[in-house]
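*Asks:*
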Amino acid sequence: MKTTHSLKNDSGAVLVIVMLIIAVLALMGKTATTRSIVEMGIAGNYGLSKKAFYTAESGLEHIKAMLNKGFADNNRPKIASGQIPDWDFALNGSVEGVNAATGTDFDGAAEWIREQPQDEGQCLTGSYTVKVWNNPSDMGGNCDDTDRLLCLRSVATGPRGTRSTVEVILVGQAYGESITGYFAQAGGGAGKNNNSRDGAAITDFTER
1 MKTTHSLKND SGAVLVIVML IIAVLALMGK TATTRSIVEM GIAGNYGLSK KAFYTAESGL
61 EHIKAMLNKG FADNNRPKIA SGQIPDWDFA LNGSVEGVNA ATGTDFDGAA EWIREQPQDE
121 GQCLTGSYTV KVWNNPSDMG GNCDDTDRLL CLRSVATGPR GTRSTVEVIL VGQAYGESIT
181 GYFAQAGGGA GKNNNSRDGA AITDFTER
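Going by the UniProt record's numbering, the first residue of the sequence shown is number 1, and it counts up by one from there.
1. Rounded to the nearest angstrom, what separates residue 113 and residue 101 at their Cα positions?
2. Counting only the same chain and skipping the five closest in sequence on each side, list residues whose C-beta sits under 6 Å from that of residue 74.
3. Nearest-angstrom Cα distance between residue 15 and residue 22?
4. How would you call residue 27, buried or exposed, if buried means at least 16 neighbouring beta carbons within 10 angstroms?
5. Which residue from 117, 143, 150 and 134 puts its Cα closest to that of residue 54?
6. DSSP state of residue 58, grouped into three classes?
7. Verify the CB distance criterion: does residue 56 have a CB-CB separation below 9 Å to chain C?
8. State the CB to CB distance for the pair residue 166 and residue 56, rounded to an integer number of angstroms; the pair is presumed to be in contact (CB under 8 Å).
9. Buried or exposed for residue 38, going by 16 or more other Cβ atoms inside 10 Å?
10. In three-state DSSP terms, what is residue 49?
11. Since residue 145 and residue 91 are thought to touch, with beta carbons under 8 Å apart, how far apart are those beta carbons, to the nearest angstrom?
12. For the alpha helix (DSSP H) containing residue 90, list its first residue and its last residue.
13. Spatial neighbours of residue 130 within its chain, please: C-beta separation below 6 Å, excluding the five flanking residues on both sides.
14. What does DSSP give as the partner residue(s) for residue 150 in the beta ladder?
15. Once DSSP output is grouped into helix, strand and coil, what is the label at residue 16?
16. What's the C-alpha gap between residue 17 and residue 50?
17. Between which residues of its own chain and residue 126 is the CB-CB distance below 7 Å, once the five residues before and five after are set aside?
18. What are the residues that DSSP puts in a beta bridge with residue 113?
19. Would you identify the three-state DSSP class for residue 155, choosing helix, strand or coil?
20. Kindly indicate which three-state DSSP category residue 34 falls into: helix, strand or coil?
21. If we ignore side chains and look at the alpha-carbon of each, how far apart do residue 168 and residue 31 end up?
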């Protein structure tokens, strides 16, 4: 008895299926790789922005140390005679190397620190510039502080062109006075609240 077998072309279909599976796996691998690269880039950018932020904060701590000493040195005679201390020295150009403020905003501020370099290691260098100006609501104008409030801003340039800006308000007072109408940040206190990261923090400089 003669048996007839139909010719089946199964080998071609198997090849197509295998190629489709390989293509899907390759696409999944490419997608996972791309996602990993994007996430690494986001994490890297976040790290660089944090470095710029900390550089700006370093600028604030630097200027606070300078102003703390200047406030004490320049206000001793006033305090001894019962007068109210002020920030005039920081604004009127009396400090060597610091020009007088020409306005009550950042553009007219007195520049105390200019492009101070800071090496953050691994070639990730940065710098900060710090300016100070009189409280805009102070009736004393550009250089005459009458409310003991001083605005200052630290602008930092970090690695790979990243930038960060931190701004605070300082209040100056003699030892034993109270800050009327202003609240120190939580956990602070007289002479202790000068390390805040708040945008409108109040710093109390005390004078014994």
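Each residue gets a CB set at the ideal place from its N, CA and C atoms; glycine is no exception.
*Replies:* Looking at the coordinates:
1. 14 Å
2. 89
3. 11 Å
4. exposed
5. 117
6. helix
7. Considering every chain present, this structure includes no chain C. It has just one protein chain.
8. 4 Å
9. exposed
10. helix
11. 6 Å
12. 88 to 91
13. 59, 63, 112, 113 and 154
14. 134 and 170
15. helix
16. 50 Å
17. 51, 52, 55, 118, 120, 156, 157, 158 and 159
18. 130
19. strand
20. helix
21. 45 Å
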